[in-house]
Amino acid sequence: MIIAVDGPTASGKGTIAKALAKHFGLPFLDTGLLYRAVGYQVLQEGGDPDNAGDALKGCDFPDTLLADDTLRSEAVGGLASRVSVHPEVRAALKKRQVDFAHQPGGALLDGRDIGTVIAPDADVKLFVTAPAQVRARRRYDEMVVRGVDVTFEGILADIHARDERDLSRADAPLKPAEDAHLLDTGNLTIGAAVQAAITLVEQTLQKG
Ligand code: DC
Numbered sequence: 001m002i003i004a005v006d007g008p009t010a011s012g013k014g015t016i017a018k019a020l021a022k023h024f025g026l027p028f029l030d031t032g033l034l035y036r037a038v039g040y041q042v043l044q045e046g047g048d049p050d051n052a053g054d055a056l057k058g059c060d061f062p063d064t065l066l067a068d069d070t071l072r073s074e075a076v077g078g079l080a081s082r083v084s085v086h087p088e089v090r091a092a093l094k095k096r097q098v099d100f101a102h103q104p105g106g107a108l109l110d111g112r113d114i115g116t117v118i119a120p121d122a123d124v125k126l127f128v129t130a131p132a133q134v135r136a137r138r139r140y141d142e143m144v145v146r147g148v149d150v151t152f153e154g155i156l157a158d159i160h161a162r163d164e165r166d167l168s169r170a171d172a173p174l175k176p177a178e179d180a181h182l183l184d185t186g187n188l189t190i191g192a193a194v195q196a197a198i199t200l201v202e203q204t205l206q207k208g
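Numbers 1 to 208, taken from my numbering, label the letters of the sequence shown in order.
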């Protein structure tokens, strides 16, 4: 069984994806981490994330980088969004994701284009959203707890910029697959959102 979880930044999709993978016993790939690793690698090499050639070179990042917590920062998220607009980068990262999705026994992947490009054949597709203000508030609260010095306005501006880039890129823009189930987590606690996602998956499998 393949489960695809897509959605914008800070929608809750990562938390939901991890919980679903655990619940259904599936191997899990956070595909955003691959783009984050590319963005970080480009920076390390002194390249320009907006340049397709430099960004493509960054795709040769060492696998050990994927375990590095630095990848989870807002700054690296912004770099990831910039390198992800290049079709060359998307193509270079595609095989790894397609192979992961189609391994025997199934898998769960979260990202932006899993249901549309990486695994259009997924058994269940979820598209997780929430209003930008709610996503910014969640991200801001998370950062404050971690002791990061940020402002709510700064985070909201970042979220708008990332949404704009992710939605408007020509290659594999962020959009729900036609057969995706929309899950708006705006008014839900984490626990309720996870439960709603489990129910959606179970209902879809039953209809199967
Ligand atoms: O999910 P995330 O915030 O870690 O993703 C970081 C960036 O990577 C996101 O702004 C766009 C890009 N991305 C993508 O283009 N396709 C994916 N499947 C996953 C992430």
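Where is the CB? At the ideal position from N, CA and C, for every residue including glycine. Just so you know, these numbers come straight off a predicted model, no measurement behind them.
Nearest-angstrom beta carbon gap, residue j and residue i [assumed within contact, 8 Å]
i	j	result
A80	G39	4 Å
I3	V124	5 Å
R165	V85	6 Å
A92	A101	Actually they are not in contact, since the Cβ atoms of A92 and A101 sit about 17 Å apart, beyond 8 Å.
V117	A172	5 Å
L71	A37	6 Å
L205	H181	Their Cβ separation, rounded to whole angstroms, is 12 Å, which puts L205 and H181 out of contact at 8 Å.
V89	L56	6 Å
Closer than 8 Å: residue i CB and nearest ligand 1 heavy atom
i	result
D166	yes
A172	yes
L34	yes
T213	Nothing can be reported for residue 213: it is not among the residues displayed for the chain, which extend from 1 to 208.
S81	yes
R146	no
D110	yes
I3	no
S73	no
V96	Note that residue 96 is Arg in the sequence shown, not Val. Not so, every heavy atom of ligand 1 lies at least 8 Å from the Cβ.
G115	no
I118	yes
T199	no
T9	yes
G204	Inspection of the sequence shows that residue 204 is occupied by Thr rather than by Gly. No, ligand 1 has no heavy atom inside 8 Å of this Cβ.
G77	yes
G14	yes
T31	yes
R135	no
R90	yes
R138	no
Residue i at chain D interface by Cβ criterion, 9 Å
i	result
Y40	Among the protein chains of the structure shown there is no chain D, as only one such chain exists.
Residue i (DSSP reduced to helix, strand or coil)
i	result
V128	strand
L197	Checking the sequence shown, residue 197 turns out to be Ala, not Leu. In the structure shown, A197 sits in a helix (DSSP, three-state: H, G or I).
D6	strand
L108	strand
V148	coil
L174	coil
A80	helix
F61	coil
A119	coil
Q41	helix
T15	helix
H102	coil
L20	helix
D48	coil
Beta bridge counterpart(s) of residue i as assigned by DSSP
i	result
H181	L126
D30	D110
* Pairing CB atoms from the segment 25-35 with CB atoms from the segment 106-118, are three or more of them under 8 Å? -> yes
* Taking contact to mean at least 3 C-beta pairs separated by less than 8 Å, is the segment 41-55 in contact with the segment 130-138? -> no
* **Meets three-Cβ-pair contact criterion under 8 Å: the segment 55-62 and the segment 136-149** => no
* Any 3 or more C-beta pairs closer than 8 Å across the segment 6-15 and the segment 188-203 -> yes
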